[in-house]
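Below is one structure; the comments refer to it alone.
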Amino acid sequence: MKAYLMNSKRLGEIYNLLYQHFGPQGWWPGESTEEIILGAILTQNTSWGNVEKALAQLKGNNCLDFEKIYDLDTALFAEMIRPAGYYNIKAKRVKNFVQWLYDQYAGQLGRLESVSTDLLRNQLLSVNGIGKETADSILLYGLGRAVFVVDTYTSRVLVRHNLIDDQCDYEQIREFMESNTEENVQLYNEFHALLVCVGKQFCKPRCLCSKCPLDSIPHASLDNIA
DNA sequence: GACCAGGCACATC
DNA sequence: GATGTGCATGGT
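Per numbering that gives the first Met the number 0, residue 0 is the first one in the first sequence, and the count goes up by one each step.
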């Protein structure tokens, strides 16, 4: 059997186990595209609980809105998102994104619909503060494009279960996921959310947790755990 | 008090 | 190209 068939079969098993255990995740948590995009930037190296606090503050100040943010003083915006951590740098990053949206698309998210995914991804990556994971989160969860999002949890779970080498970089992991699964926005959405879910609960950095729903999937030895 | 959390850019070698 | 560092709050 060819490698890609084996990998797609294994990924299928993993997806089914996770889906059976956790159920549909219905990501991204957020009521609007703007909230999803803000969440994607605010969650950089930050726990989601802290992001929720920051989003709640924005909501309370009626600032979950790119037009408002565009006009808002950066220092003032930074104060509102303080609970998310790295608030000064994240305030600049959000402003950079909004500035890009205004410069290129008159501030209208609707205008992104006619742009190809590849072009959009490259444009997002050119914004200072938007890296690969953030760009792909925006594309998949915010804009409904079929791009697999790779994050710490995705990588960790795949490495632990010997699906990828721990030296794989972002693009290699994304390529691995996209080439071994059906190209489908809803599948990418659920699969990534489920990987985060199992990662949070059962795949801590320094331990091999038991009772993981993926226990039946071949597992790396402790020696291989960073 | 240490460790971790849904990264990214930049400096330095 | 690889490696190290700053950015910061809040939960466990």
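Even glycine gets a Cβ: it sits at the ideal position worked out from N, Cα and C.
| Item | Value |
| --- | --- |
| Residue 133 (DSSP reduced to helix, strand or coil) | helix |
| Rounded distance between the beta-carbons of residue 213 and residue 242, thought under 8 Å | No answer is possible for residue 242: the residues shown for the chain start at 0 and end at 225. |
| Spatially closest choice to residue 187 from 8, 21, 27 and 19, by CA coordinates | 27 |
| Meets three-Cβ-pair contact criterion under 8 Å: the stretch 74–86 and the stretch 103–123 | no |
| Where residue 75 falls, given that 16 or more other Cβ within 10 Å makes a residue buried | exposed |
| Residue 23 - DSSP class collapsed to helix/strand/coil | coil |
| Neighbour-count burial assignment, residue 153, 16 or more Cβ in a 10 Å radius | buried |
| Validate contact between the stretch 194–209 and the stretch 130–147 using beta carbons, cut 8 Å, 3 pairs | no |
| Nearest-angstrom Cα separation, counted from residue 121 out to residue 24 | 28 Å |
| Residue 136 classed as buried or exposed, judged by whether at least 16 other C-beta atoms fall within 10 angstroms | buried |
| C-beta atoms of residue 67 and residue 128 nearer than 8 Å | no |
| Start-end ranges of the alpha helix (DSSP H) lying completely within the stretch 107–151, minimum 4 residues | 116–124 and 131–136 |
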